[in-house]
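Protein sequences, first through last, are from chains H, S, D and X. The opening residue of the first sequence carries number 1230 in the numbering used here; numbering runs sequentially from there. The opening residue of the second sequence carries number 1230 in the numbering used here; numbering runs sequentially from there. The opening residue of the third sequence carries number 1230 in the numbering used here; numbering runs sequentially from there. The opening residue of the fourth sequence carries number 1230 in the numbering used here; numbering runs sequentially from there.
Number of protein chains: 4
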Amino acid sequence: MTSVVRAATYRRTFARRTKLASMRRPPVSPRSRLFDVDCRLSYTLTETTDFVFQIHAMQGPDQDVLTESLRITLGATCHTYADPHTGQRFLRVQAVTGPLNLRYRARVKVARPRRKLDAQEVPIAAVPDEVMHNLMPTRYCESDLLSSAALKLFGATRPGCARVIAICDWIHRNVDYRTGSSDTTTTACDVFLSRAGVCRDFAHLGVTFCRALNIPARLAVGYSIFQAPPPDFHAMFEAFVGGRWEVFDPTRMADPSELVRIAVGRDAKDVAFATIFGTAQSRVVAPIVKRVATD
Amino acid sequence: MTSVVRAATYRRTFARRTKLASMRRPPVSPRSRLFDVDCRLSYTLTETTDFVFQIHAMQGPDQDVLTESLRITLGATCHTYADPHTGQRFLRVQAVTGPLNLRYRARVKVARPRRKLDAQEVPIAAVPDEVMHNLMPTRYCESDLLSSAALKLFGATRPGCARVIAICDWIHRNVDYRTGSSDTTTTACDVFLSRAGVCRDFAHLGVTFCRALNIPARLAVGYSIFQAPPPDFHAMFEAFVGGRWEVFDPTRMADPSELVRIAVGRDAKDVAFATIFGTAQSRVVAPIVKRVATD
Amino acid sequence: MTSVVRAATYRRTFARRTKLASMRRPPVSPRSRLFDVDCRLSYTLTETTDFVFQIHAMQGPDQDVLTESLRITLGATCHTYADPHTGQRFLRVQAVTGPLNLRYRARVKVARPRRKLDAQEVPIAAVPDEVMHNLMPTRYCESDLLSSAALKLFGATRPGCARVIAICDWIHRNVDYRTGSSDTTTTACDVFLSRAGVCRDFAHLGVTFCRALNIPARLAVGYSIFQAPPPDFHAMFEAFVGGRWEVFDPTRMADPSELVRIAVGRDAKDVAFATIFGTAQSRVVAPIVKRVATD
Amino acid sequence: MTSVVRAATYRRTFARRTKLASMRRPPVSPRSRLFDVDCRLSYTLTETTDFVFQIHAMQGPDQDVLTESLRITLGATCHTYADPHTGQRFLRVQAVTGPLNLRYRARVKVARPRRKLDAQEVPIAAVPDEVMHNLMPTRYCESDLLSSAALKLFGATRPGCARVIAICDWIHRNVDYRTGSSDTTTTACDVFLSRAGVCRDFAHLGVTFCRALNIPARLAVGYSIFQAPPPDFHAMFEAFVGGRWEVFDPTRMADPSELVRIAVGRDAKDVAFATIFGTAQSRVVAPIVKRVATD
Chain H
1230 MTSVVRAATY RRTFARRTKL ASMRRPPVSP RSRLFDVDCR LSYTLTETTD FVFQIHAMQG
1290 PDQDVLTESL RITLGATCHT YADPHTGQRF LRVQAVTGPL NLRYRARVKV ARPRRKLDAQ
1350 EVPIAAVPDE VMHNLMPTRY CESDLLSSAA LKLFGATRPG CARVIAICDW IHRNVDYRTG
1410 SSDTTTTACD VFLSRAGVCR DFAHLGVTFC RALNIPARLA VGYSIFQAPP PDFHAMFEAF
1470 VGGRWEVFDP TRMADPSELV RIAVGRDAKD VAFATIFGTA QSRVVAPIVK RVATD
Chain S
1230 MTSVVRAATY RRTFARRTKL ASMRRPPVSP RSRLFDVDCR LSYTLTETTD FVFQIHAMQG
1290 PDQDVLTESL RITLGATCHT YADPHTGQRF LRVQAVTGPL NLRYRARVKV ARPRRKLDAQ
1350 EVPIAAVPDE VMHNLMPTRY CESDLLSSAA LKLFGATRPG CARVIAICDW IHRNVDYRTG
1410 SSDTTTTACD VFLSRAGVCR DFAHLGVTFC RALNIPARLA VGYSIFQAPP PDFHAMFEAF
1470 VGGRWEVFDP TRMADPSELV RIAVGRDAKD VAFATIFGTA QSRVVAPIVK RVATD
Chain D
1230 MTSVVRAATY RRTFARRTKL ASMRRPPVSP RSRLFDVDCR LSYTLTETTD FVFQIHAMQG
1290 PDQDVLTESL RITLGATCHT YADPHTGQRF LRVQAVTGPL NLRYRARVKV ARPRRKLDAQ
1350 EVPIAAVPDE VMHNLMPTRY CESDLLSSAA LKLFGATRPG CARVIAICDW IHRNVDYRTG
1410 SSDTTTTACD VFLSRAGVCR DFAHLGVTFC RALNIPARLA VGYSIFQAPP PDFHAMFEAF
1470 VGGRWEVFDP TRMADPSELV RIAVGRDAKD VAFATIFGTA QSRVVAPIVK RVATD
Chain X
1230 MTSVVRAATY RRTFARRTKL ASMRRPPVSP RSRLFDVDCR LSYTLTETTD FVFQIHAMQG
1290 PDQDVLTESL RITLGATCHT YADPHTGQRF LRVQAVTGPL NLRYRARVKV ARPRRKLDAQ
1350 EVPIAAVPDE VMHNLMPTRY CESDLLSSAA LKLFGATRPG CARVIAICDW IHRNVDYRTG
1410 SSDTTTTACD VFLSRAGVCR DFAHLGVTFC RALNIPARLA VGYSIFQAPP PDFHAMFEAF
1470 VGGRWEVFDP TRMADPSELV RIAVGRDAKD VAFATIFGTA QSRVVAPIVK RVATD
């Protein structure tokens, strides 16, 4: 019923990897942690349907995919595309009427350098060329509309990492985490007005405030360990301070240093775990991640 | 060129006046002030055009129109309608191609009782029936969308007049008065996002926060003395606290006790000084008001 | 457990009734129909809560409430307020923790004059003073934002009743009736974009297009017989053409001549069957209406 | 006063150029046209300000930059960055208080293959990986919100180039070109509602309808010859049909085959001719382009 697309241990070198790595040189040797990912997705299709999945763990300077495998229902056509900029992988699938089951498993070493609390804001002129676009407003992050509000709220805060932390604190205090309070069209402005949302909305608002203050920011999604079930994909955001991307979680539901990152992007539309062209009934979304004990 | 529609000294008794007056019984005898209004409007029309003007001073318990006159270009058809609820007057005009000039003059005594700083909020059950609709969201005052934000900002403030003053202070601190920053479609949510507006936007935001907190509120427009020219109509807002309507000006540009009120309404669309059905080129908008020295 | 507030047979004369009736003089003697309304509402309250209900059938020139009764849970404080303009009734209730049950029953004769298909549009100058406000945009009917679209879609259509019918046809063809596609914040612009909604959204869009074309329009809600259960309140809209208010239903789910009207208003916020100040868990909403056979 | 950064004749080979070129293999040898660009921009700065300019003509398979030069005020720090995907160039400038003048001149050969009117739509599964993101909604192109409307308007039209032409025709008929009707925050939804805009708004709406129908689309800006002055940058859009990017201009103000392309992007924020970080008073925007007579 299911074919096995067992990926070779993931050792592909990205074209831009050297440069990115040097740009993000960690100042202290980070403590590494090991995680096992086991992600199952199931759909029922009533017609031939195209998908783009983003469920592969990212290979990057702060995260190493040691082994991984992907099982997918027999008969589905699929191929994987890796974005040359970020290294994140897109799994494109075309599946026929009937059930579609995916299971992605991976062992991932995450060795994220400790957040530098005194990281400085990067002057515009020093922002790397390929990072510049992370200053622009996007579908869900209308930083142009919230620029005055951001300035009034955080303009007097010390620039740099401290300012991003102040943003996260404000979001945590002023936005209620409420399942069902938002949908796929909800934007940062909506959340700023309604003061309610889920992880993706919290992260969007964080991205938006940062960009409004000329701090490059992007959405980051991945596998996170939550205190409370049910398991789900998690969204955080990254801000470019002190010359590298730091991860922040304004929901405070998970530890940014333990995010097994799948993808980064301008906002949620770039990093959806499943983009579906057609109609598909979702039956199972179970992205499980566990910490592996190391000595 | 202009016909003279000289209104008799305005002494019309409103059907509901007795009730309204008793409802608003002033606790202390207010000091009265005398104002002379001289309002000129000019348009050039390229076709027969209908207008609704709201430029007459309101007759009410806290404001007495002593004398008034209206001049309007000969040939314009017009009649005045007084809203039986509020007493405000609508001047309906149909004018033909060519110039249209209006001049409204009035001497008005304003005797607004001093604001009661300890006025209590009125429990919903005690809000008069005809005031209830002032709790509802309107075109420019989406109090439903801002209810959580209002609660987070002002929920901990002492209820009553003190809370409305806190709302005005917040608006004054957080919204920039900037000519040209808004247009006729700008709503309270827009202003809450953009943090900029003119008097009508400040007042809309005040109305919206009040309604979101279950305080009945409405827009009030009229003639105001500003420190700085040019003269223009002014918008404030009224909140129903302590059993009567109190006037507030979050722009702090004018003294609420000196507003020569023209109209009150759900929001700006109810109280526009000119609503034009057709195309009309505005040439003069000069609503002058002066304090008359009294002994 | 429940007190009985048995209303006397409803024969209250409205202050403005004579005038309204003459304004709307029906040109042909309409065929009358008889309906029995039986409306049950139940809530569970966890705190003292205030309500405004609009469930009473309207008394008006085209609708006669022959008998009616209201039962409400013992202990609830309530009074009824009739709007002097329209005659619609607001039932204000304050209820304590525990269950709140209402049952409203009425026999109503509806004798709505047949729609005049050749009714003309009323020139602005001839629109009655008290109807004028129905030309303005409201919270859910942003006729100012849709004016160009309305003109492009319906500008070439013959003015009058024919144009309103064209509007209804367009809505029926271009908007999908889909339960759950909208919520209490959905506006006419949202529906124009999303092309989906429920009866209230269809009616809002109808109101909005009419106002955008300078045809006074308002929302009308009441009891309607549907082909398919479950029973629910229904929203239609009214347009002021040929000198009177004509009822239209762009959903085509019910017969406008058989609507047992509860209320008319600027938009949904004015005519909600229940406006709740506080938290209340809704348990039963069962507004049943049946045609009574007559000889 | 001005330093001269004379670019060497532009012959840089892009990493991905070979692939792109083969992907877009023109079916017929296009007729080439020669253009001279002379673009002047002037600003007055009151503080040190950062800019990103996009004024360089793109080097690509259908457009060849034969010679070019750039003059910029002495003292401004600047460097050029070429996007490895598209080849478009970003000129990053940091300039001090005082005047900032730029003059970019280029001779460009445009040899765009004739539009294939019978080009087919590309099934999702066949859309190249790096083109996929052009199906997603963006800040100014909310294709998610307009998907039903697009389907209702163009769902019955023959897929492929014909459908994109139908989209352009609809926009041309239903949206008014009106200078000043939109600003930098105006989105495709706004334009769909207001039915007015400028070239960028027309193009955004075209992009949005295409994406809503699963046709990859992007904004394209450049130098265009208009019938009527004054000269300005022009925005068109590109749709991915028949396996290549075709250029469309729903304003019908210029000939798509004669656009000297500067940049392509997800929407206007990606391709602004000037993105300014700080305050700068714009004094001259004069992007002149002229056809060079060839034998």
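Ideal Cβ positions, reconstructed from N, Cα and C, are used throughout, including at glycine.
Classification of residue i by the beta-carbon crowding that lies within 10 angstroms, buried from 16 upward
{"i": "K1498/X", "result": "buried"}
{"i": "S1511/X", "result": "exposed"}
{"i": "A1385/X", "result": "exposed"}
{"i": "D1430/D", "result": "buried"}
{"i": "D1398/X", "result": "exposed"}
{"i": "A1457/H", "result": "exposed"}
{"i": "R1440/X", "result": "buried"}
{"i": "V1513/D", "result": "exposed"}
{"i": "D1447/D", "result": "Reading off the sequence shown, one finds Arg at residue 1447/D, where the question assumed Asp. Buried is the call here."}
Whole-angstrom C-beta distance between residue j and residue i, which should lie under 8 Å
{"i": "R1466/S", "j": "V1351/S", "result": "One detail in the question is off: residue 1466/S reads as Phe in this sequence, not Arg. The pair is not a contact, with the Cβ atoms about 16 Å apart (cut-off 8 Å)."}
{"i": "S1423/H", "j": "S1377/S", "result": "6 Å"}
{"i": "I1491/X", "j": "A1286/X", "result": "6 Å"}
{"i": "G1494/H", "j": "T1278/H", "result": "Contact doesn't hold; Cβ gap of about 23 Å is too wide."}
{"i": "A1432/S", "j": "P1479/S", "result": "7 Å"}
{"i": "T1437/H", "j": "L1375/H", "result": "5 Å"}
Secondary structure of residue i, DSSP reduced to three states
{"i": "N1363/D", "result": "helix"}
{"i": "L1488/H", "result": "coil"}
{"i": "N1330/S", "result": "strand"}
{"i": "G1494/D", "result": "strand"}
{"i": "R1381/H", "result": "First, the amino acid is wrong: residue 1381/H is Lys here, not Arg. DSSP places K1381/H in helix when its eight states are reduced to three."}
{"i": "D1347/S", "result": "coil"}
{"i": "V1233/X", "result": "With a pLDDT of only 34 at V1233/X, under 50, the local geometry of the prediction cannot be trusted, and no value is derived from it."}
{"i": "R1500/D", "result": "The sequence as given places Val at residue 1500/D; Arg does not occur at that position. Three-state result, V1500/D: helix."}
{"i": "R1447/S", "result": "strand"}
Delimiting residues of the beta strand (DSSP E) encompassing residue i
{"i": "L1270/S", "result": "1262-1274"}
{"i": "L1320/S", "result": "1318-1324"}
{"i": "H1463/S", "result": "1462-1470"}
{"i": "C1370/X", "result": "Neither: C1370/X is in no beta strand (DSSP E) and is coded neither H nor E."}
{"i": "D1279/H", "result": "1278-1282"}
{"i": "H1308/D", "result": "1306-1311"}
{"i": "F1455/H", "result": "Looking at the DSSP string, F1455/H is not in any beta strand (DSSP E), and its letter there is neither H nor E."}
{"i": "I1353/X", "result": "Per DSSP, I1353/X belongs to no beta strand (DSSP E) and is neither H nor E."}
{"i": "Q1229/S", "result": "Not covered by the structure: residue 1229/S. The range shown for chain S is 1230 to 1524."}
{"i": "P1516/X", "result": "1509-1521"}
{"i": "R1473/H", "result": "1473-1477"}
Residue span of the alpha helix (DSSP H) that contains residue i, given as start and end
{"i": "L1299/X", "result": "Careful: L1299/X lies outside any alpha helix (DSSP H), inside the beta strand (DSSP E) at 1292-1302."}
{"i": "V1420/D", "result": "1417-1423"}
{"i": "T1437/D", "result": "1428-1441"}
{"i": "I1400/X", "result": "1390-1403"}
Closer than 7 Å, Cβ to any Cβ of chain S: which residues of the stretch 1432-1456 of chain D, in chain order?
If the cut-off is 7 Å between Cβ atoms, the stretch 1432-1456 of chain D has N1443 near chain S.
Check distances from the C-beta atoms of the stretch 1393-1418 of chain D to those of chain B and list, in chain order, the residues that come in under 8 Å.
No chain B appears in this structure, whose protein chains are H, S, D and X.
Taking beta-carbon pairs under 7 Å, can you tell me which members of the stretch 1375-1392 of chain D lie near chain X?
In summary, the residues of the stretch 1375-1392 of chain D whose CB is separated from some CB of chain X by less than 7 Å are L1375, S1377, A1378, K1381, in the order they occur in the chain.
Pull out every residue of the stretch 1314-1326 of chain X whose Cβ sits closer than 8 Å to any Cβ of chain H, in chain order.
F1319, R1321, Q1323
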